[in-house]
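Visitor:
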Amino acid sequence: YLADKGKYRHFMEKEIHEQPEVVARALGYHTSFEGNRADTTSCMDFAGIPSLAISACGTAYLAGLIAKYWFERYARLPVEIDVASEFRYREIPLPPQSAALFISQSGETADTLASLRYCKARGLKTGAVVNSRESSIAREADAVFPIFAGPEIGVASTKAFTCQLVALATLAIGAARARGTATQDEAKALVTSLAEMPGVMGRVLNSIKPDVELLSRELSKCHDVLYIGRGTSFPLAMEGALKLKEISYIHAEGYAAGELKHGPLALVDENMPVIVIAPHDRFFDKTVSNMQEAAARGGRIILITDEKGAAASKLDTMHTIVLPVVDEIIAPMIFALPIQLLAYHTAVLMGKDVDQPRNLAKSVTVE
Ligand code: G6P
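If you're matching positions, the sequence shown starts at 77 in the numbering used here and goes up one per residue.
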């Protein structure tokens, strides 16, 4: 592989724009008209397990947290998830009949690999959601679910995140079929929604640049930024905060919108932008009322929503990024795009080394 940025200034920018193409490749591998590929999901025996454990680090952990919502909702499968450095020491009572998934772009992260070995030693069936099929985690797991993101050079993960979500969404749909919690038609409908993702991603990447560049100028002057969301938008809020702090060194936190008044609201004033991630889903009204609490304290609101949400919420103090209306299952992947681009453009404006942020490494092979 030739490390070539093509027409882009940084690998991170290139990798963000590669997403329509790489998620399409991941989808091609993981989906079929039956709703999932039986050859990959069958090795996990989703029908027979009482629970699923998930362990990962960094952005891969946040992909796992989104997947927890999917496995629980669609497949009625309880998920135990933690960052690998805690998972491996927590002495979780794991039923030996259960299964465990390990998510890792590199497949070499020391704590994730140690979690895998820990679960194997306890008799659990293990699956690896990895970008590199030759990696240690892929080699040692019972089943491998490749994400097809291609080489990711930027230290801050972008395309691997959305490709991990593709693999995990299809696994959740496969689990729902295996467990009889979704009919063939329901599974097909979910897969049809997933198939729309590459096209929507392409359109969103083409349309949001002016808004993102404008907002990045504001963010680049801030010391702290708060991201909030509910449902799968909550892990996405944490991913938004992680992306921003990794590459711009601006302090950022991702919070469950409902927790705002249990702490972070005390920090909100006119110097603290609050980025609200709110597709027009079943949580929308609740998230908007949290947003209004922040606005009432002078917080500068940046609302990332869809066309329906934009029509339903009007606040003077607000900037909005408006995305197309999409099905709930692909919203996290679509809403990931403005979040990645906001972090990227903010860091570039601040003159930071976005591909190689200080103190961080692409692959963390020490504990
Ligand atoms: C490092 C990288 C992150 C990545 C994490 C987990 O912190 O900077 O982008 O999410 O490791 O890496 P893995 O290869 O296990 O996904």
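Think of the CB as a built atom: it goes at the ideal place given N, C-alpha and C, for glycine as much as any other residue.
None of the values given here were measured: they were computed from a predicted structure.
#1: State the beta-bridge partners of Tyr331 as determined by DSSP.
#2: For ligand 1, any of its heavy atoms closer than 6 angstroms to the Cβ of Gly134?
#3: Looking at the strands, I want to know which residues DSSP matches up with Ala317.
#4: Nearest-angstrom Cα distance between Thr246 and Arg306?
#5: Are Phe237 and Ser191 close, meaning C-beta to C-beta below 7 angstroms?
#6: Of all the options Thr396, Gln368, Leu318, which has the alpha carbon lying nearest to the alpha carbon of Leu291?
#7: Quickly, what does DSSP pair Ser269 with across the bridge? List them, please.
#8: In or out: Val206 buried (at least 16 other Cβ within 10 Å) or exposed?
#9: Per the DSSP calculation, Pro222 is bridged to which residue(s)?
#10: Among Leu266, Thr188, Pro400, which residue has its Cα nearest to the Cα of Thr107?
#11: Tell me the start and end of each unbroken beta strand (DSSP E) in the region 380-420 that is at least 3 residues and wholly inside, in chain order.
#12: Among Asp361, Leu425, Phe224, which one has its Cα closest to the Cα of Ser324?
#13: Where does Lys201 land, buried or exposed, given buried means 16+ other C-beta within 10 angstroms?
#14: Val442: buried (16+ other C-beta within 10 angstroms of its C-beta) or exposed?
#15: Beta carbon of Ile353, beta carbon of Ala313: below 7 angstroms?
#16: Taking 6 angstroms as the cut-off, does the CB of Ser108 come closer than this to any heavy atom belonging to ligand 1?
#17: Taking just the CA atoms, how far does Met88 sit from Gln432?
#18: Counting pairs of Cβ atoms below 8 angstroms between the region 258-278 and the region 121-135, do you hit three or more?
#19: Quick one, are the C-beta atoms of Pro408 and Thr308 less than 7 angstroms apart?
#20: Any contact between the region 350-370 and the region 324-336? By contact I mean 3 or more CB pairs, one from each, below 8 angstroms.
#21: Is Gln173 a contact residue of ligand 1, with contact defined as CB to any heavy atom under 6 angstroms?
#22: Could you check whether the region 348-362 touches the region 398-416, counting it as contact only if at least three pairs of C-beta atoms, one from each stretch, sit closer than 8 angstroms?
#23: What separation, rounded to the nearest whole angstrom, lies between the Cα atoms of Asp392 and Leu379?
#24: For Val155, name the three-state secondary structure that DSSP assigns.
#25: For Phe360, tell me which candidate among Ala387, Asp345, Ala342, Asn347 has the shortest Cα-Cα distance.
#26: Where does Val242 sit, in a helix, a strand or coil, going by DSSP?
Guide: Let me spell this out:
#1: Ile304
#2: yes
#3: DSSP output for Ala317 lists no bridge partner at all.
#4: 22 angstroms
#5: no
#6: Thr396
#7: DSSP lists no partner for Ser269.
#8: buried
#9: Val206
#10: Leu266
#11: 394-399
#12: Leu425
#13: buried
#14: exposed
#15: yes
#16: no
#17: 10 angstroms
#18: no
#19: yes
#20: yes
#21: no
#22: yes
#23: 12 angstroms
#24: strand
#25: Ala387
#26: helix
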